[in-house]
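Working notes, beginning with the structure itself.
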Amino acid sequence: MRNWLLAGLAALVLIGIVAYARWSSRPVASGDTAAQQSEAVIPPATSAPATAEQKVAIVPPSFDIVRVEPTGEVVVGGRGEPGSIVTLLDGGKPFDTAKVAESGQFAMVPPILKPGQHNLTLAMKLADGKILNSTQNVAVDVPENKSAPLLVAKTEAGEPTQLLTPVVTDQPTATSAQSTAAQVSKTPDLEAGRAVVAITVVEAEDSGTLYAAGKAAPGASVRLYLNDTYLAQADVGPDSAWSLKIAKGVVPGQYKVRADDVATATGKVLSRAEVNFDFVSKVGDGAQATPAASASAPVTMAETGKSTGAVVIDSIETATVIRGDSLWRISRKTYGSGYRYTEIHRANQEQIRDPDLIYPGQIFVLPKLTP
């Protein structure tokens with residue numbers, strides 16, 4: 061019996077040894093290797109591979125400046141994608157081309173427009189050959205008779221039409237603050253055959269520069285005003301042109317440019333042109349920080365006196381009304397005396413119906429006063 065037990069125990073030991081040898085010699089499964097590696101090293105999480113780069117939307121070309129003379133001479137300026145080629149189209153046909161500078165601006169002086177109606181648009185060719193058309197168009201009507209009125213109007217879907225040339229009326233009429241259309245009035249003193257004064261361009265830049273230009277009879281004396289504040293006199297030359305440039309000091313807000321053709325001998329107004337416009341900054345609300353009511357000096361101008369047809373003014377001073385302001389307080393801070401508030405009222409009477417009622421956000425041009 062004992063011998064049987066020993067033999068059985070020896071058999072069990074032998075079976076165990078064989079089983080162990082076989083188990084230790086088998087290859088390790090790939091799944092086990094992955095499990096061991098995952099326990100040893102945990103790789104950092106990574107994001108999914110990036111998709112195709114998002115393309116920045118390219119803005120269609122646009123007109124900034126369109127100046128047309130009654131003779132058909134044209135100057136066009138605008139904006140587009142830097143490096144692209146912009147084509148000016150007249151009635152859908154190529155008329156002139158220009159390359160957009162790195163600043164995103166372009167300018168061109170196309171051939172003279174023939175008398176008749178024209179429809180100007182822009183087409184911009186990108187580096188990949190894609191063509192983008194402008195959403196704006198400029199309608200031009202060049203008269204057969206050079207003394208007849210010239211019509212230039214810019215239109216864009218969803219925006220009011222902007223007349224870029226004066227509209228002549230027998231009586232002055234109200235004009236929208238969003239429109240650049242000038243209103244022209246004549247007086248009984250206007251000599252027969254004498255051209256009325258006109259405003260053809262009013263532009264403002266974020267740097268505080270304002271530019272205005274127009275026409276008048278050769279030899280005319282044109283007095284120029286901003287918000288009814290007298291700025292200077294332009295003596296018109298044989299080319300019938302006058303221009304005004306205020307180098308700095310114009311802040312965003314509502315303005316009115318006025319040009320009076322006056323009789324040299326009597327000072328009577330023979331004809332008058334006015335244009336209202338909103339100067340809206342393109343760089344955000346920060347550009348609207350102004351010296352409102354904190355101005356310590358009156359308007360500073362170049363002493364032009366009787367200037368030539370081109371008037372340049374170094375700077376102007378303005379006051380932007382803030383809550384709690386009054387004309388008395390602005391006058392005291394500007395001129396050192398509150399009693400001179402009447403001068404501010406007189407110079408900005410179109411905005412100030414009641415001297416006791418002024419409103420935050422109004423902008424007054426401060427006239428230069430003698431001591």
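Numbering (my numbering), first residue to last: 61 to 431. Cβ coordinates follow ideal geometry from the N, Cα and C atoms, glycine included. Remember, predicted model here, so these are calculated numbers, not experimental data.
Grab me the residues of residue i's own chain with a C-beta within less than 8 angstroms of its C-beta, minus the 5 sequence neighbours each way, in chain order.
i, result
"T195", "P120, S122, E216, A217"
"V340", "P312"
"I191", "A183, M184, K185"
"L429", "P358, Y395, R400, E403"
"I145", "T157, A158, K159, V160, M184, K185"
"R413", "none"
"I118", "E141, L186, L192"
Just mark residue i as buried or exposed, buried being the case when its beta carbon has 16 or more other beta carbons within 10 Å.
i, result
"L417", "exposed"
"Y395", "buried"
"Q243", "buried"
"Y419", "exposed"
"A108", "For A108, the predicted model reports a pLDDT of 49, less than 50, meaning its position is unreliable; a value from the coordinates is still stated below. When all chains shown are included, A108 counts as exposed."
"R383", "exposed"
"E410", "exposed"
"D124", "exposed"
"T260", "buried"
"E403", "buried"
"P427", "buried"
"E377", "buried"
"I373", "buried"
"M379", "It is worth fixing the name first, because residue 379 is Ala in this sequence and not Met. Counting Cβ neighbours within 10 Å, A379 comes out buried, since at least 16 surround it."
"A407", "buried"
"V425", "buried"
Rounded to a whole number of angstroms, what is the C-alpha to C-alpha distance between residue i and residue j?
i, j, result
"V257", "E263", "18 angstroms"
"S300", "A276", "5 angstroms"
"G176", "V202", "5 angstroms"
"T291", "V282", "Reading the sequence as shown, one finds Leu at residue 291 and not Thr. Spanning the two alpha carbons is a distance of roughly 11 angstroms."
"V212", "R400", "43 angstroms"
"K153", "N197", "13 angstroms"
"K393", "D385", "11 angstroms"
"P248", "A333", "15 angstroms"
"A307", "E265", "10 angstroms"
"V134", "V200", "10 angstroms"
"A273", "P298", "15 angstroms"
"V128", "V296", "19 angstroms"
"V116", "L180", "27 angstroms"
"S267", "S245", "32 angstroms"
"G279", "G151", "38 angstroms"
"K174", "L210", "12 angstroms"
"L330", "V160", "44 angstroms"
"L390", "G398", "Per the sequence presented here, residue 390 reads as Ile, with Leu not at that position. The straight-line gap from Cα to Cα measures roughly 7 angstroms."
"T269", "K328", "30 angstroms"
"L286", "P170", "32 angstroms"
"A319", "T289", "11 angstroms"
"E162", "K214", "26 angstroms"
"V371", "L250", "24 angstroms"
"E204", "A252", "22 angstroms"
"I172", "G132", "5 angstroms"
Starting from residue i, trace the alpha helix (DSSP H) in both directions and tell me its first and last residue.
i, result
"I125", "No alpha helix (DSSP H) holds I125; the beta strand (DSSP E) holding it covers 122-128."
"R392", "387-395"
"T402", "401-407"
Mind checking which residues open and close the beta strand (DSSP E) that includes residue i?
i, result
"R254", "First-last for R254: undefined, no H or E at that position."
"V283", "Before going further, note that residue 283 is Arg rather than Val in the sequence given. Here the beta strand (DSSP E) through R283 covers 281-286."
"Q422", "Unbroken run through Q422: none, as it is neither H nor E."
"P312", "Counting along the chain, P312 falls outside any beta strand (DSSP E), and DSSP gives it neither H nor E."
"L149", "145-150"
"V135", "134-139"
"K185", "176-185"
"L173", "Taken as a continuous stretch (DSSP letters only), L173 belongs to no beta strand (DSSP E), as it is neither H nor E."
"N197", "196-202"
"E56", "Because the chain is modelled from 61 through 431, residue 56 falls outside the range shown and cannot be assessed."
"G274", "270-275"
"D416", "Per DSSP, D416 belongs to no beta strand (DSSP E) and is neither H nor E."
"A161", "First-last for A161: undefined, no H or E at that position."
"V244", "243-246"
"K305", "301-306"
Could you check how far apart the C-beta atoms of residue i and residue j are, in whole angstroms? I think they sit under 8 angstroms.
i, j, result
"K187", "G143", "Checking the sequence shown, residue 187 turns out to be Ala, not Lys. Contact holds; Cβ gap of about 6 angstroms."
"G189", "G164", "Incorrect: roughly 20 angstroms between the Cβ atoms, too far for contact."
Enumerate in chain order the residues of its own chain whose CB-to-CB distance from residue i is below 7 angstroms, with the five nearest sequence positions on each side excluded.
i, result
"M168", "V136, L148, D156, A158"
"T324", "S281"
"Q422", "V381, Q411"
"V322", "S281, R283, K328, V329, L330"
"G309", "G268, S375, I376, E377, T378"
Return the chain-ordered list of same chain residues with a C-beta closer than 6 angstroms to the C-beta of residue i, the five sequence neighbours on each side being excluded.
i, result
"P415", "L387, H405"
"R254", "A277"
"N193", "A183"
"Y271", "E263, K305"
"G369", "A294, V296, G297, A301, W302"
"H178", "D150, V200"
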